[in-house]
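Colleague:
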Amino acid sequence: MKYIIAVIQPDKLDNVLKLLTEKEIHLVTVSTVAGRGRQKGIAEVYRSHKEAGSLLRKVKLEIAVNDDFVQAAIDAILAGARSEHIGDGKIFVLDLPRVIRIRTGEEGSTAVG
Ligand SMILES: Nc1ncnc2c1ncn2[C@@H]1O[C@H](COP(=O)(O)OP(=O)(O)OP(=O)(O)O)[C@@H](O)[C@H]1O
Ligand SMILES: [Mg+2]
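Residues in the sequence shown are numbered consecutively from 23, following this note's numbering.
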């Protein structure tokens with residue numbers, strides 16, 4: 023299992039969710055966050071809502087998936103969020119050792135999706 027964290031432009035969220043849904047990836051956590059990349063938030067202001075100081079508003083998606091859905095999730099995020107301009111975002115893929123569904127106590131693969 024992997025835990026995929028993606029930071030994207032807020033206006034790409036609908037695109038990305040649509041493409042994830044098309045790949046049968048439905049379970050997702052979405053947050054509004056503030057962040058900065060290697061331009062330190064400066065050069066990118068023209069396309070983003072500015073938050074405090076050098077931080078820009080971004081959307082963070084968190085998706086836990088079984089291994090056979092990892093590439094599909096990455097492909098959906100790339101296709102939905104890429105504009106080829108600075109600040110498009112980044113995808114982090116983390117190993118995920120345990121998942122527990124609170125309602126049933128199920129663990130692992132059956133608890134993920
Ligand atoms: N190394 C990192 N650690 C934590 N968060 C990051 C990191 N890199 C990017 N982010 C988050 O992703 C957001 C978007 O990053 P961004 O797309 O600007 O990356 P970049 O490396 O500057 O690439 P680009 O040159 O395409 O802009 C940042 O505002 C920040 O929230
Ligand atoms: Mg950047």
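Even for Gly, the Cβ is constructed at its ideal location relative to N, Cα and C.
Note that this is a predicted model, so its numbers are computed, not measured.
1) Could you give the DSSP three-state label for I99: helix, strand or coil?
2) Count the CB pairs spanning the segment 118-133 and the segment 49-57 that are closer than 8 Å, and state whether there are at least three.
3) May I ask which residues mark the beginning and end of the beta strand (DSSP E) holding G116?
4) On a Cα-Cα basis, can you pick out the residue from D97, G135 and G130 that is closest to N37?
5) Can you give the Cα-Cα distance for T132 and A86, rounded to whole angstroms?
6) For R60, which residues does DSSP report across the bridge?
7) May I ask you to report which of helix, strand or coil DSSP gives K45?
8) Looking only at its own chain, which residues have a Cβ that is under 7 Å from the Cβ of G130, when we skip the five neighbours before and after it?
9) Does the Cβ of K80 lie closer than 7 Å to at least one heavy atom of ligand 1?
10) Can you list, in chain order, the residues of its chain whose CB lies under 8 Å from that of H71, leaving out five sequence neighbours each side?
11) Going by the DSSP bridge assignment, what does K80 pair with across the sheet?
Modeller: Quick look at the numbers:
1) For this step, residue 99 is matched to residue 77 along the sequence shown. Three-state result, I99: helix.
2) The segment 118-133 is not in contact with the segment 49-57.
3) Taking the sequence shown and counting its residues from 1, one reaches residue 116 at position 94. A quick correction: the sequence has Leu, not Gly, at residue 116. Per DSSP, the continuous beta strand (DSSP E) segment holding L116 begins and ends at G111 to D117.
4) What you label residue 37 is simply residue 15 of the sequence shown in a count that begins at 1. Taking N37 as reference, the option from D97, G135 and G130 with the minimal CA-CA separation is D97.
5) For the purposes of this step, residue 132 is identified with residue 110 of the sequence shown, where counting begins at 1. For the purposes of this step, residue 86 is identified with residue 64 of the sequence shown, where counting begins at 1. If you take the alpha carbons of T132 and A86, they lie about 12 Å apart.
6) For the purposes of this step, residue 60 is taken as the residue at position 38 of the sequence shown. Bridge partners of R60: none, in fact.
7) Position 23 of the sequence shown, counted from the start, is the residue given in the question as residue 45. Note: K45 maps to coil in three-state DSSP.
8) Position 108 of the sequence shown, counted from the first residue, corresponds to residue 130. Beyond the five residues adjoining it in sequence on each side, G130 comes within less than 7 Å, by CB distance, of V121 in the same chain, given in chain order.
9) Walking along the sequence shown from the start, residue 80 turns up at place 58. It does: the Cβ of K80 is within 7 Å (strictly closer) of some heavy atom of ligand 1.
10) In the sequence shown, counting from the first residue as 1, residue 71 sits at position 49. The residues are P32, L78 and R79.
11) To locate residue 80, count along the sequence shown from 1; it is residue 58. When beta bridges are read from the DSSP output, K80 appears opposite V55.
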